[in-house]
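Chains as they are written, first to last, in our numbering: chain Z, 2 to 280; chain W, 2 to 280; chain X, 2 to 280; chain R, 2 to 280. Here a beta-carbon is modelled for each residue, glycine too, at the ideal position from N, C-alpha and C. Worksheet: one structure, shown below.
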């Protein structure tokens, strides 16, 4: 259960009392308040409740008056069935490969239900894993058609999360609106730095000593959506722009895989343009 | 409030309900369970309760039946007055200096009430900060007398926490028993490696690529007490044993300062020979 | 060209003068001396020399008197043809997968010529990459036969480097002697700590805050060979032994991949039980 | 000896041959070329040569024809006497304190000859170390006079390096021109991000997961000078802008101290707007 509401006394008591009365056993509980005097309050409670799937409507109904009284935004995310993930790629496979590997080794909750690409290059690698691969070319001037085809695929597949794993296309605001807080992108730079094209070349020209990557939710504001995770690695004067690109790819795949895992485990709450990531 | 008890349903509800009824506003709450089915449960709740200092006995009395029913080990740690800290040093000042600096810049809760040393070298640096410096020489064969003098000082000073900041003497079990879970040592090695003398020479001989330091509570088992914090830094073949010692000193002061800060903020719970450190 | 010799004045001058006279252009040159007064000297010079492959014997012959005068251990490693690598695995594929991925994406010099395993589990993943997979079961009491079969394969394949990528068998001294300084193992622990079995369980029991992995050359001294690379990652009280194992696997694959890359780029010189790794 | 020149064959041979002929013993030698085919070449050679101080002019004279032939920019930096450092501060003492501590513990070559401040707050801390403290107030509209007074002090003191240790004044281009490549600033942000005022507030608002600091040489281009060193630390949603400022201060003092140490050890070569930092 994920909850956001204005901070006040008694929230934890109300929620934990409710869950106890329902017969739930709390496995994990995290809270965060931006300011004890009048800020926002965030809570994530992970609990075991036998037959929750069957009783979901009943439990939610019983919680509604509490939620209304405390002005909560809330949702009850079930551990099962697993979330269905679509991965969008272009030509570079390093981020996709990392997701496939972690999925295969059981480190990623959720199912990778399909891979969608504007090129056909990565088809064999995907099909090897028994995952459907869809090639939807994006022709100049026909982007709307391509997006319509993608959306149809995503909806037919019952997709919960869209992961842009080095997908070199900018999504239209209309597309983004269909999956609010449910599209994750990997940005090949330590945002907010070098936000434009070819950031490794920019990083090399500027002589930086550390490069990074950023995973964020996609919003209408390009590269400006809520940051989920960042990481960095050292470089030296010996690294040219190509070396930085290579180091950057290692960071990208790690950072994206972490962000996707946390989303699939329902660890992330949105707060304006920031994220609360419970560990 | 810090709580350890066997895990079962209803603990969070009972504690949060109790605090709500007392008029407390929960600022921060963290929990940890080692195993949802029958493990140990740990909880730290930070709350505002007006006039708690005056009402402490009353609040504690009201909580006692709940604690008894749920088989809790618990304590109520007040934010004020600040804890009183004694720092024990020998000749090397880097860890002491870090603590003094963080204290002076307001990054360390608690008061550094005294510095005790078996040498007189660091007296000027300590007195510059207006902190009493006590030189208690430890003569061969007269260690018991020295420890008795130290204990008298610590007790006269109302000391809550003893920090061994590169104090090159081994405390007797009797001394350790007087301050259970309240003596912190910095070990100049990444435990459990190189647990003996001159670890930087050992690390150099072994050709390691990373060195570290470990802050831990002192128990009767030398270097074996519960680990609070560790950190590391890279070294290369260019670093000789002396370079590693220098790098190691930087790690030591950072790691010890973090461990002391967390203890002073009552963030640490002991669990057998392990620590739960709430962030 | 990789050189080890007693340190004295004039080594760099002699080597660089020689290479200049041969018409070589030095691309990269690194040196290291353990002690300017009478220590050991290490040098790695990377240079372009047209037709070196054809002129190798001639160039080596011309250098011999210089090497003899300065008491050098030296070798001339050609960039081409690529070194041939055999990867030994058991059931866990994470380290192998990382090597395959880096090889495929052009980040690893050398050719992965074969994969040898005492189990058949990873055959499909290997054959997907078009790499020969050899299953050599190691039956109790028949280890010598298995090693003989392996050695025959390695020699028939002209193997230059053997990588133990979570290969759960201890090689006999006789096997190790056949590939001195040419077998790399990944140890699932931050050596010298927790050198025995199940290190993640040991790490959890000890309550460490950081875990690591170590890549080292294999010698007759189990887990005691020269360390090539180590890395670490933070864990907390929330991580149980299984979580630590998962984190550990990520470190293992990165650390092993780095060590293998450096070996294949001829960046590593052995110095007793330590390595000099030129960057 | 530090050398920059166009890359070509024979440079290393010429330099090492020259030093050998002069009777020098090379302790350390590092090279870097941006591009083996026609790029820039950088070299740092550290050597022992008895009586070099006395023979400096002679040695330099003998090297001049070689330097001219190979179009070198070069300088011969003597290990002694130590460089003289002036530290400029405002009110915050953390970076200054770190420099004083490292100097006192022998980890910083060079002498801290004076501290100059536009406020009087840090006088006691500086004088405690026996270092002259000069208070030069910067009145609105009278910045030129203040800078003139500072320059007079620096020149009277024979200052080699100016360190801006959280000095909250922008130096005029005329001032900067007097110490080209010899003024180091610590920027309280991971450049190029958040280059304006109050970067920790900006970082908090943007919801970043990592913050950093940057040490760079000061040029006429504010915050745009060659980067010497950067480092970062993780933050979470639990850290508010003030927490980030506190974490940032720890990074600032470490990063600045490293950059100053490397400069004092003559490890840094400038290459356009980038640095080559030999380790």
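query: Entirely enclosed beta strand (DSSP E) segments - the region 166 to 222 of chain X, minimum 3 residues; result: 184 to 188 and 211 to 218
query: Exposed unless 16 or more other CB atoms sit within 10 angstroms - verdict on residue 171 of chain X; result: exposed
query: Enclosing alpha helix (DSSP H) for residue 2 of chain R [first to last residue]; result: Taken as a continuous stretch (DSSP letters only), residue 2 of chain R belongs to no alpha helix (DSSP H), as it is neither H nor E.
query: Proximity to residue 121 of chain R [Cα-Cα], best of R:135, R:56, R:88 and R:249; result: R:135
query: 4 or more residues per run - each alpha helix (DSSP H) lying fully within the region 91 to 117 of chain W; result: 95 to 105
query: Close beta carbons around residue 256 of chain X, own chain, < 6 Å, minus the five adjacent residues each side; result: 214, 216, 230 and 232
query: Distance, residue 258 of chain X Cα to residue 100 of chain X Cα; result: 6 Å
query: Residue 253 of chain W beta carbon less than 8 Å from that of residue 96 of chain W; result: yes
query: Backbone CA spacing between residue 98 of chain Z and residue 268 of chain X [nearest angstrom]; result: 28 Å
query: When X:93, X:108 and X:139 are compared against residue 127 of chain X, the one with the closest alpha-carbon; result: X:93
query: Cβ neighbour criterion (16 or more within 10 Å) applied to residue 38 of chain R; result: exposed
query: For residue 48 of chain Z, the residue or residues it bridges with in DSSP; result: Z:27
query: DSSP bridge partner residues for residue 272 of chain X (one or two, in chain order); result: X:275
query: Residues that residue 30 of chain W contacts on chain Z, provided the C-beta gap is smaller than 7 Å; result: 13 and 32
query: Cβ neighbours of residue 228 of chain Z in the same chain (closer than 7 Å, five flanking residues each side left out); result: 192, 215, 217 and 276
query: Contact residues within the region 226 to 237 of chain R, judged by C-beta distance below 9 Å to chain Z; result: 227, 228, 229, 230, 231, 232, 233, 235 and 237
query: Residues of its chain near residue 161 of chain W, where Cβ-Cβ distance is below 6 Å and the 5 sequence neighbours each way are ignored; result: 84 and 85
query: Short Cβ contact (8 Å threshold) for residue 82 of chain W with residue 41 of chain W; result: no
query: Residue nearest to residue 279 of chain Z in terms of C-alpha spacing, selected from Z:34, Z:22 and Z:15; result: Z:34
query: Three-state secondary structure assigned by DSSP to residue 148 of chain X; result: helix
query: Cβ-based burial, residue 32 of chain Z [other Cβ within 10 Å; buried from 16]; result: buried
query: Closer than 9 Å at the beta carbon, the chain W residues around residue 102 of chain R; result: 94, 95, 98, 99 and 102
query: Proximity below 8 Å, CB of residue 147 of chain W to CB of residue 137 of chain W; result: yes
query: Helix, strand or coil at residue 13 of chain X according to DSSP, with G and I counted as helix; result: helix
query: N-terminal and C-terminal residue of the alpha helix (DSSP H) that residue 243 of chain W is part of; result: 242 to 265
query: Beta-bridge pairing of residue 162 of chain W - partner residues as DSSP gives them; result: W:86
query: Backbone CA spacing between residue 165 of chain W and residue 118 of chain W [nearest angstrom]; result: 10 Å
query: Candidates Z:105, Z:29 and Z:150: closest to residue 129 of chain Z by CA position; result: Z:105
query: Given residue 49 of chain R as reference, the closest of R:251, R:80 and R:226 once Cα atoms are compared; result: R:80
query: Inter-residue Cα distance where the pair is residue 78 of chain R and residue 143 of chain W; result: 53 Å
query: Distance between beta carbons of residue 188 of chain R and residue 249 of chain R, contact taken as under 8 Å; result: Going by Cβ atoms, the distance from residue 249 of chain R to residue 188 of chain R rounds to 11 Å, so no, they are not a contact pair.
query: Pair within 8 Å by beta-carbon distance, residue 87 of chain W and residue 163 of chain W; result: yes
query: Beta-carbon neighbours of residue 275 of chain Z, restricted to chain X and to distances below 9 Å; result: Per Cβ cutoff of 9 Å: no residues; residue 275 of chain Z is ~22 Å from chain X at best.
query: Closest Cα partner of residue 70 of chain X within the set X:125, X:238 and X:12; result: X:12
query: Nearest to residue 182 of chain X (by Cα), restricted to the options X:169, X:225 and X:141; result: X:225
query: Helix, strand or coil at residue 127 of chain X according to DSSP, with G and I counted as helix; result: helix
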